[in-house]
Amino acid sequence: GYTFAQRLTRDRLWELAEPIPDGPSTRRLCALSDRLGVAILAGLFERTDEGRIYNAYVCVDQGRYVTHHRKLHAFLNPHLSSGDRYTVFDLRGCRCGILICYDNNLVENVRITTLMGAEIVFMPHVTGCLPSAMPGRGTVDPRLWHNRHRDPVPLRLELNGPKGRGWLMRWLPARAYENGIYAVFANPIGLDGGQVRNGNAMILDPFGEVLAECHKLDDDVAVALCTPEKIAASSGRRYLRARRPDLYRPLVTPPPEPPRTEPGWQRQQPPDVADVRD
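Residue numbers (my numbering): 195 to 472.
Next up, the structure:
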């Protein structure tokens, strides 16, 4: 999500939002993709004729709009609506999906996107180094970021430790491994709403191995080769073939209470250790 948008009024969000695909940002992205000859995925706020506002992620390629995804679990601002469908599409000979930030924390979302045919899942995030009740986690002192050029070591220790990369490695490789997909994880580095984000944008293969990762304390790019042979040989694809849907009724049985997206960092009062649900 966009941290700056937490306290924006509905009117201000509406001003920032654009229609997709006919808005100016999508048109500019199309022109850029045509000029550079590459596919581009980017995030923005979408507004609709029905008056809804979504956290969206658009894909364009060779000068044309391909598709966009609406975040399924929108919680950052009460004026944002949650999407109600998965996004799977063809891109340059690959079957791809998109899940935004918290969407990826629910294993069902990645699994369903895979079952719909996705071989590569784009996972744009703004996460890491957040307030948390989990042991070893929490925020990073912004002074370390401001002093990064003079003394980068203390900052790197924080960003690559349990607050940042260490937390990512608890779950991100599992999403790639258990589904037999390439996971393309994007994440900013630097100050965001007064807090430091750890970056570590990376591409993981269907075995859960990191193929490429951003390590600079600055803008960076990760590039990797994705091949269908790894997907076919992965354990995750065997797990998909072994599924027993007849046993999964509890997954689709509505709970007694309505769904509630409640990230740990948004809680005003940290729970007791025994109550941690992150």
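Cβ atoms here follow ideal geometry from the backbone N, Cα and C, with glycine treated the same way.
Straight-line CA distance for alanine 380 to aspartate 440? 36 Å
How long is the line joining the alpha carbons of isoleucine 214 and threonine 220, rounded to whole angstroms? 7 Å
Going by other Cβ atoms of all chains shown within 10 Å of its Cβ, with 16 needed for buried, is arginine 264 buried or exposed? buried
Pairs of beta-carbons, one from the region 270-287 and one from the region 245-262, closer than 8 Å: are there three or more? yes
Checking 8 Å against the spacing of the C-beta atoms, do methionine 310 and tyrosine 280 come in under that value? Taking the C-beta atoms as reference points, tyrosine 280 is found nearer than 8 Å to methionine 310.
On the DSSP bridge assignment, give the partners of valine 390 in chain order. Leu385
To the nearest angstrom, how far is it from the Cα of leucine 351 to the Cα of isoleucine 294? 27 Å
Given that a residue counts as buried once 16 or more other Cβ atoms are within 10 Å of its Cβ, and exposed if not, what is glycine 374? buried
Proximity of cysteine 323 and valine 417 at Cβ, strictly below 8 Å: no
Taking only the alpha-carbon atoms, compute the straight-line gap between aspartate 284 and leucine 434 and give it to the nearest angstrom. Using only the alpha carbons, I get a separation of about 21 Å.
Which residue marks the beginning of the beta strand (DSSP E) containing tyrosine 248, and which one marks its end? Its beta strand (DSSP E) spans residues 247-255.
Return the chain-ordered ranges of every alpha helix (DSSP H) run that is complete within the region 245-323 and spans a minimum of 4 residues. 301-309
Please confirm if the region 299-313 is in contact with the region 341-350, defined as three or more CB-CB distances below 8 Å between the two stretches. no
In the structure shown, what three-state DSSP assignment does leucine 441 receive? helix
If you reduce the DSSP assignment to three classes, tell me which class alanine 416 lands in. coil
In the structure shown, what three-state DSSP assignment does glycine 237 receive? strand
Return the CA-CA distance between isoleucine 234 and alanine 211, expressed in angstroms with no decimal places. 19 Å
Distance CB(leucine 385)-CB(proline 336) smaller than 8 Å: Cβ atoms of leucine 385 and proline 336: closer than 8 Å.
For leucine 411, the three-state DSSP class (helix, strand or coil): coil
Can you give the Cα-Cα distance for lysine 357 and histidine 340, rounded to whole angstroms? 18 Å
According to the Cβ coordinates, are glycine 291 and valine 315 closer than 8 Å? yes
Leaving out five residues before and five after arginine 432 in sequence, what residues of the same chain have Cβ atoms less than 7 Å from its Cβ? none
Residue from Cys288, Asn394, His319, Leu230 with nearest C-alpha to leucine 238: His319
7 Å Cβ shell around proline 457 - same chain, five flanking residues per side excluded: Phe269, Tyr296
Contact check, cysteine 420 vs tyrosine 376, beta carbons under 8 Å: yes
So for glycine 430, helix, strand or coil by DSSP? helix
Cysteine 224 to arginine 443, Cα distance in whole Å? 43 Å
Could you please give me the residues that DSSP links to isoleucine 214 through a beta bridge? Per DSSP, none; premise fails for isoleucine 214.
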